[in-house]
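Heads up: the structure comes next, in structure tokens.
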Amino acid sequence: MNSTIIQLQVGEKRFLTSRAKLVDAKFFNSLLSGRWASNRQPNGSYFINADANLFEHILRYHGYLNAGTTSYTSGEDYIECHHFSVKERVYICPRGIGVHMGREDRCGRDCEKKRAPSGPQYEERDVTKTISVRKKTVINGEALLDGWDDDKMNAQRKE
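According to the numbering used here, the sequence shown is numbered sequentially starting from 44.
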């Protein structure tokens, strides 16, 4: 398996990941195949015309980037996403059908016929999980006015 480090240029942001992780996805397989020669930059990176903040979440969700924290703002909300990797026992489809992986309930009669006599097969895989924290900024206009005192603020907090 090719473990070459690939650099993706998405908007103004650069991402580093391994070629081996990317080639399983059709989009990245095509991008890295050389058929899209115009996307390869003189510095060796691959250009993708997309929103870098959203693209980072997609890369992390699919496990193309390591664990870490990303954040962005949306109006008055500040959203912080903490990404981490855990080992999980994942079901393996006996016919190798991608959409069945991890979901034994998606396999039907044909998969059961190919299943080993020992029963369903599982393997441990790294799976990326995300915890999102949304913080909202609310400004109390009265607090900004002259004459606002600590007693009034404390009374409002108790309400």
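Yeah, the Cβ is synthetic: ideal placement off N, Cα and C, and Gly gets one too.
Length of the line joining the Cα atoms of residue i and residue j
i       : j       : result
Leu-102 : Cys-154 : 30 Å
Ile-122 : Val-170 : 22 Å
Leu-75  : Ile-49  : 9 Å
Asn-45  : Asn-72  : Because Asn-45 sits at a pLDDT of 47, beneath the cut-off of 50, its placement in the model cannot be relied upon, and the point is left open.
Ala-93  : Gly-162 : 44 Å
Val-129 : Arg-168 : 8 Å
Asp-67  : Gly-77  : 16 Å
Phe-58  : Gln-164 : 34 Å
Ile-91  : Arg-132 : 33 Å
Ala-95  : Gly-141 : 27 Å
Gly-87  : Arg-152 : 47 Å
Arg-177 : Phe-70  : 31 Å
Lys-156 : Glu-147 : 14 Å
Ser-175 : His-100 : 11 Å
Boundaries (first-last residue) of the beta strand (DSSP E) holding residue i
i      : result
Ser-61 : 56-61
Val-53 : 48-53
Selection from the options that minimises the alpha carbon distance to residue i
i       : options                            : result
Glu-85  : Leu-51, Phe-98, Val-181            : A small correction: the amino acid at residue 85 is Pro; Glu does not occupy that position in the sequence shown. Comparing Cα positions, the closest option is Leu-51.
Val-53  : Gly-77, Glu-147, Val-66, Arg-83    : Arg-83
Ala-159 : Arg-78, Val-176, Arg-138           : Arg-138
Thr-60  : Glu-131, Val-176, Glu-147, Tyr-89  : Tyr-89
Leu-65  : Glu-55, Gly-145, Arg-78, His-105   : His-105
Gly-145 : Ser-175, Val-176, Glu-166, Lys-157 : Glu-166
Phe-98  : Ser-175, Gly-141, Lys-156, Lys-56  : Lys-56
Opening and closing residue of the alpha helix (DSSP H) in which residue i lies
i      : result
Asn-72 : 69-75
Residues of its chain near residue i, where Cβ-Cβ distance is below 8 Å and the 5 sequence neighbours each way are ignored
i       : result
Glu-119 : Lys-179, Thr-180, Val-181
Proximal residues to residue i (C-beta, below 6 Å), its chain only, five neighbours per side dropped
i       : result
His-143 : Cys-136, Arg-149, Cys-150
Thr-47  : Arg-62
4-residue-minimum alpha helix (DSSP H) runs that sit fully inside the region 101-180, ordered along the chain: 152-157
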